[in-house]
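Take a look at the structure set out below.
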Amino acid sequence: VTTGAAGERRAEIARETRETSIRLLLDLDGSGQGAIGTGIGMFDHLLEQIPRHGLFDLTIEARGDLHRDAHHTVEDVGICLGQAFNSALGERRGIVRMAHAIVPLDEALTLAALDLSGRGFAAIELPFAGERVGDLPTQMIGHFLQSLAVEARLNLHVRSFAGENDHHRAESAFKAVARALAAATRIDPRMAGDVPSTKGALEHS
Ligand SMILES: [Mn+2]
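Given below as structure tokens:
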């Protein structure tokens, strides 16, 4: 984990195991530039929503044991992305902290509400009709969001209000997460660099 210079909210993660090899770059104050390749086309499509609609810059190069299944690759990208958010946020000074977004995509409607609280927790309610969407097992979508939340030390609730098409349901969920992350990670100048907590700290060791 490498964090940027003072005032820069960036992180670089390099993670190597017998199951996956991942390099990830995140800039919280980017302009929506995404370069994502995981070997799982549908997963790339969903991940690309995060920089696009969060206005982050995000590079992900992941090579995983897809000859087994998508599990390790999806899970480890979630871990690395979460670690990058946690690292780039540093002491979480001056941030808006809590935000939500409700995003429609045709018949699908999904809520994402999150708190950059310093505590990792996820409640994901995304009932999919099928076992896969494209080359991505739908089971892994909730698992990815959970891994992201735990490692980013954020509280994440995702709830589907409507949807028939699994592709729409998943994509509206990622767009909602992106929009909520965009809002929660913004610096509010009125905070004057304070930690947004009556406790005085959001950082966890
Ligand atoms: Mn789509």
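Numbering follows my numbering, with no gaps: position 66 of the sequence shown is 1095. Don't be surprised by glycine CBs; every beta carbon is placed ideally from N, CA and C. These numbers come from a predicted model, not from an experiment.
Between ligand 1 and the CB of His1196, the shortest heavy atom gap is smaller than 7 angstroms.
For the pair Ala1212 and Val1125, the CB atoms are nearer than the 8 angstroms cut-off. Note: Asn1184 is bridge-paired with Asp1144, Phe1150 in the DSSP secondary-structure output. Around the C-beta of Ala1230, fewer than 16 other C-beta atoms lie within 10 Å, and the residue is accordingly described as exposed. Ligand 1 has a heavy atom closer than 7 angstroms to the beta-carbon of Glu1200. The distance from the Cβ of Ala1043 to that of Arg1052 is about 5 angstroms, consistent with a contact at the 8 angstroms cut-off. Here Pro1156 is exposed, its C-beta having fewer than 16 other C-beta atoms within 10 Å. Within the model, the alpha-carbon separation for Glu1200 versus Arg1038 is close to 26 angstroms. Between ligand 1 and His1082, a heavy atom-to-CB distance of less than 7 angstroms is absent.
Residues of the same chain with a CB within less than 6 angstroms of the CB of Leu1110, apart from the 5 flanking positions on each side, are Leu1177 in chain order. Within the segment 1067 to 1100, the complete beta strand (DSSP E) segments of 3 residues or longer fall at 1086 to 1093, listed in chain order.
In this structure, the straight-line span from the alpha carbon of Ala1202 to that of Lys1228 is close to 31 angstroms. For Leu1231, the secondary structure class from DSSP, reduced to helix, strand or coil, is coil.
Judged by DSSP in its simplified three-state form, Thr1049 adopts strand. Taken atom to atom, the span from the alpha-carbon of Asp1135 to that of Gly1068 is near 27 angstroms. Per DSSP, the unbroken beta strand (DSSP E) holding Ala1128 starts and ends at 1127 to 1134. Per DSSP, Glu1120 lies in no alpha helix (DSSP H) and is assigned neither H nor E. In the DSSP annotation of this structure, the continuous segment of the alpha helix (DSSP H) that includes Glu1200 starts and ends at 1195 to 1213.
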